[in-house]
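Below is one structure, written out as structure tokens, with a few remarks after it.
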Ligand code: GAP
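Numbering (the working numbering), first residue to last: 9 to 445.
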């Protein structure tokens with residue numbers, strides 16, 4: 009089992025991510041760009057595995073869900089109808105001396121946390137990024153980078169319903185980038201201005217919404233446990249009435265016990281019929297649902313489980329991080345669930361001796377079509393095991409001189425460090441069954 013979270017500080021995670029190619033500061037050679045991060049070779053794999061895991065659980069394995077992949081730039085009226093133009097704002101205060109800006113809710117006094125200077129009165133600051141579409145930069149060409157993926161599901165409700173011919177309840181899912189000009193960012197990838205969301209809009213008959221809301225709250229909590237995140241590091245927190253967004257009747261956050269404290273990774277909201285009603289009003293299109301069994305029309309209610317890719321990834325990294333002792337040294341190991349691990353199998357010839365090369369390459373080529381596989385022959389075998397442990401590779405396959413005689417290789421398990429000798433002819437099937445969850 010991974011160690012207690014309290015021993016994992018964010019600096020260790022940030023430094024491991026950089027050292028091993030999970031996450032780099034964006035634009036680093038130019039001095040970096042605040043709150044922007046680039047996923048490196050292993051981070052890109054981990055991120056893709058997290059998105060694939062979500063898609064498998066919420067779309068592929070369910071009868072009542074379909075996915076879309078919508079445009080990031082949308083008609084500007086959508087953000088008027090949704091309430092974002094008028095109300096998607098945070099109260100901002102500015103230090104009169106150093107000019108640093110803060111979210112009013114992040115500062116506890118009337119003075120600047122950085123220099124002690126006096127702060128201005130709060131003013132509302134809209135979090136949407138604006139840009140212009142087309143060659144003319146005037147009011148009429150303003151558009152926004154979407155601050156959430158959700159609205160694309162609402163405005164495509166009728167398109168999707170009429171093409172898939174599903175009856176309520178059903179849901180539309182989407183994974184994609186969102187942008188918010190956050191006043192304060194930080195804590196690595198926890199709060200950034202460009203991030204990815206995995207959102208579900210689940211359409212239900214009014215009157216069944218409370219039941220479906222409760223269903224999704226449980227479902228989403230169990231999803232994180234199923235991902236391998238320890239239950240004791242997860243909790244549900246109900247929003248107080250004064251915390252609820254303008255559209256929400258009820259909301260629960262799934263929180264993770266990060267090194268920075270308990271913080272949200274997903275929000276599950278009962279959005280009532282707010283969104284479809286607004287879009288029907290502003291677009292002039294009828295977004296009613298006709299219930300054939302009851303012979304009645306109504307605007308569906310929506311339950312929205314909305315998760316962040318980057319925050320989930322951070323929770324997975326923190327939860328998987330462990331240190332133990334191997335060969336009298338501290339070993340850092342990421343105990344990822346196999347489906348999330350960026351590399352599933354590493355092929356490690358015992359040495360760079362030319363005699364081992366052909367068979368090692370042969371085993372490598374045999375495994376590659378089945379698993380994300382890495383070939384590593386640099387440095388001592390012990391160091392290579394450590395390197396693979398540190399990036400969370402569940403299995404290493406070692407080819408030694410005996411392999412040339414007996415056609416067997418050694419499979420080493422990341423967690424137990426146990427080794428087993430297996431025939432090369434069976435290695436794909438054995439690894440398949442080991443990697444199955
Ligand atoms: N459609 C509802 C919605 O967007 P939200 O609580 O604002 O709800 C949902 O966002 C999730 O998106 C959050 O739980 C978080 O995981 C992620 N998220 C929101 N803002 C973020 C930011 N600035 N940086 C990283 N992730 C963010």
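Just so it is clear, CB atoms sit at the ideal spot from N, CA and C, and this is done for glycine as well.
Considering residue 395, what are the terminal residues of the alpha helix (DSSP H) in which it resides?
Translated into the one-based positions of the chain shown, residue 395 becomes position 387. Run containing residue 395: 389 to 398, per the alpha helix (DSSP H) assignment.
Identify, in the order they occur along the chain, each residue of the same chain with its Cβ nearer than 6 Å to the Cβ of residue 105, setting aside the five sequence neighbours on each side.
Within the chain shown, residue 105 is the residue found at index 97, counting from 1. Closer than 6 Å at the Cβ level, and outside the excluded window around residue 105, lie 123, 125.
Taking the beta carbon of residue 292 as the centre, do at least 16 other beta carbons fall within 10 Å, making it buried, or is it exposed?
Here residue 292 refers to the residue found at position 284 when the chain shown is read from its first residue. Under this definition residue 292 is an exposed residue.
Alpha carbon to alpha carbon, what distance is there between residue 353 and residue 258?
Locating residue 258 in the chain shown gives position 250, counting from the first residue. Locating residue 353 in the chain shown gives position 345, counting from the first residue. Rounded to whole angstroms, residue 258 to residue 353 spans 44 Å at the Cα level.
Compare the Cα-Cα distances from residue 227 to each of 30, 261, 60, 203 and report the closest residue.
Sequence index remark: in the chain shown, residue 227 carries index 219 (1-based). The residue with the shortest Cα to Cα distance from residue 227 is 261.
Measuring alpha carbon to alpha carbon, tell me which residue in 280, 300, 139, 406 is nearest residue 212.
Start at 1 with the first residue of the chain shown, and residue 212 comes out as number 204. Here the closest residue by C-alpha is 280.
State the start and end residues of the unbroken beta strand (DSSP E) segment that holds residue 245.
Taking the chain shown and counting its residues from 1, one reaches residue 245 at position 237. That run of the beta strand (DSSP E) goes 242 to 246.
Pairwise C-alpha distance: residue 57 and residue 9
Counting from 1 along the chain shown, the entry for residue 9 is found at position 1. Counting from 1 along the chain shown, the entry for residue 57 is found at position 49. Low per-residue confidence applies at residue 9: pLDDT is 48, beneath 50, and the placement is therefore not dependable enough to give any value.
Can you name, in chain order, every residue of its own chain whose Cβ lies under 8 Å from the Cβ of residue 433, other than the five neighbours on each side?
The residue labelled residue 433 in the question sits at position 425 within the chain shown. So the list reads 415, once near-sequence residues are dropped.
Quick test of the definition: if touching needs 3 or more C-beta pairs under 8 Å, does the stretch 402 to 419 touch the stretch 336 to 356?
yes
Identify the continuous alpha helix (DSSP H) that holds residue 172 and give its terminal residues.
Residue numbering aside, residue 172 sits at position 164 when the chain shown is read from its first letter. Note, residue 172: alpha helix (DSSP H), 165 to 172.
Where the alpha helix (DSSP H) through residue 54 begins and ends
The count along the chain shown starts at 1 and reaches residue 54 at position 46. Unbroken alpha helix (DSSP H) run through residue 54: 49 to 63.
Indicate whether residue 59 and residue 317 have their beta-carbon atoms separated by less than 8 Å.
Numbered from its first residue, the chain shown carries residue 59 at position 51. Numbered from its first residue, the chain shown carries residue 317 at position 309. Yes, the Cβ-Cβ distance between residue 59 and residue 317 is below 8 Å.
Less than 7 Å between the CB of residue 51 and some heavy atom of the ligand GAP, yes or no?
For the purposes of this step, residue 51 is taken as residue 43 along the chain shown, with counting starting at 1. No, the ligand GAP has no heavy atom inside 7 Å of this Cβ.
Can you tell me whether residue 179 is buried or exposed? The criterion is at least 16 other CB atoms within 10 Å of its CB, across all chains shown.
Position 171 of the chain shown, counting from 1, holds the residue named residue 179. Per the 10 Å Cβ criterion, buried.
Limits of the alpha helix (DSSP H) - the one that residue 319 falls within:
Here residue 319 refers to the residue found at position 311 of the chain shown. Element bounds for residue 319: 317 to 328.
State the start and end residues of the unbroken beta strand (DSSP E) segment that holds residue 140.
One-based indexing of the chain shown puts residue 140 at position 132. That run of the beta strand (DSSP E) goes 138 to 140.
Let's see if you can read the secondary structure: which residues bound the beta strand (DSSP E) around residue 204?
Sequence index remark: in the chain shown, residue 204 carries index 196 (1-based). 202 to 212 is the span of the beta strand (DSSP E), which, as asked, contains residue 204.
So, are the CB atoms of residue 182 and residue 75 less than 8 Å apart?
As a first step, residue 182 is located in the chain shown; it is residue number 174 there, counting from the start. As a first step, residue 75 is located in the chain shown; it is residue number 67 there, counting from the start. Yes, they are a contact pair.
For residue 312, does the three-state DSSP call read helix, strand or coil?
Along the chain shown, read from residue 1 onward, the residue named residue 312 stands at position 304. Strand, per DSSP.
Given a threshold of 16 other Cβ atoms within 10 Å of its Cβ, counted over all protein chains shown, does residue 319 qualify as buried or as exposed?
The count along the chain shown starts at 1 and reaches residue 319 at position 311. Answer is buried; the Cβ neighbour count reaches 16.
Is the stretch 387 to 400 touching the stretch 331 to 347, taking contact as three or more C-beta pairs under 8 Å?
yes
Rank 54, 38, 53, 31 by C-alpha distance to the C-alpha of residue 46 and give the top, closest one.
Position 38 of the chain shown, counting from 1, holds the residue named residue 46. The shortest C-alpha separation from residue 46 is found at 31.
Hey, out of 315, 217, 286, whose CA is closest to residue 263's CA?
Stepping through the chain shown from its first residue, residue 263 is reached at position 255. Minimum Cα distance to residue 263 is reached at 315.
Please name the residue in 127, 356, 149, 169 whose C-alpha comes closest to that of residue 84.
As a first step, residue 84 must be located in the chain shown, where it is residue number 76. Out of 127, 356, 149, 169, 149 has the C-alpha closest to the C-alpha of residue 84.
Which first and last residues belong to the alpha helix (DSSP H) in which residue 436 is found?
The residue labelled residue 436 in the question sits at position 428 within the chain shown. Where residue 436 is concerned, the enclosing alpha helix (DSSP H) stretches over 435 to 443.
Could you check the C-alpha separation between residue 358 and residue 370 for me, to the nearest Å?
Indexing the chain shown from 1 puts residue 358 at position 350. Indexing the chain shown from 1 puts residue 370 at position 362. Rounded to the nearest angstrom, the two C-alpha atoms are 15 Å apart.
C-beta atoms of residue 172 and residue 18 nearer than 8 Å
Here residue 172 refers to the residue found at position 164 when the chain shown is read from its first residue. Here residue 18 refers to the residue found at position 10 when the chain shown is read from its first residue. No, Cβ-Cβ distance for residue 172 and residue 18 is not below 8 Å.
Output needed for residue 90: all residues of its chain with C-beta closer than 6 Å, excluding positions within five of it in sequence on either side, in chain order.
Here residue 90 refers to the residue found at position 82 when the chain shown is read from its first residue. Counting only Cβ-Cβ distances below 6 Å, and skipping sequence neighbours, we find 159.
Below 8 Å, how does it come out for the stretch 188 to 200 and the stretch 129 to 142: are there three or more Cβ pairs, yes or no?
yes
What is the C-beta distance between residue 231 and residue 220, in whole angstroms, given that I count them as a contact (C-beta under 8 Å)?
Counting from 1 along the chain shown, the entry for residue 231 is found at position 223. Counting from 1 along the chain shown, the entry for residue 220 is found at position 212. Contact doesn't hold; Cβ gap of about 16 Å is too wide.
Compute the Euclidean distance between the alpha carbons of residue 270 and residue 236, then round it to the nearest angstrom.
As a position in the chain shown, residue 270 is number 262, starting the count at 1. As a position in the chain shown, residue 236 is number 228, starting the count at 1. Straight-line Cα distance between these residues: approximately 18 Å.
C-alpha distance - residue 108 paired with residue 95, whole-angstrom precision
In the chain shown, counting from the first residue as 1, residue 108 sits at position 100. In the chain shown, counting from the first residue as 1, residue 95 sits at position 87. In a straight line, the C-alpha of residue 108 is about 23 Å away from that of residue 95.
Taking only the alpha-carbon atoms, compute the straight-line gap between residue 364 and residue 381 and give it to the nearest angstrom.
Stepping through the chain shown from its first residue, residue 364 is reached at position 356. Stepping through the chain shown from its first residue, residue 381 is reached at position 373. Distance between the alpha carbons of residue 364 and residue 381: 18 Å.
Could you spell out the range, first to last residue, of the alpha helix (DSSP H) harbouring residue 113?
Along the chain shown, one-based indexing puts residue 113 at 105. Counting along the chain, residue 113 falls outside any alpha helix (DSSP H), and DSSP gives it neither H nor E.
Start-end ranges of the beta strand (DSSP E) lying completely within the stretch 174 to 204, minimum 3 residues:
178 to 187
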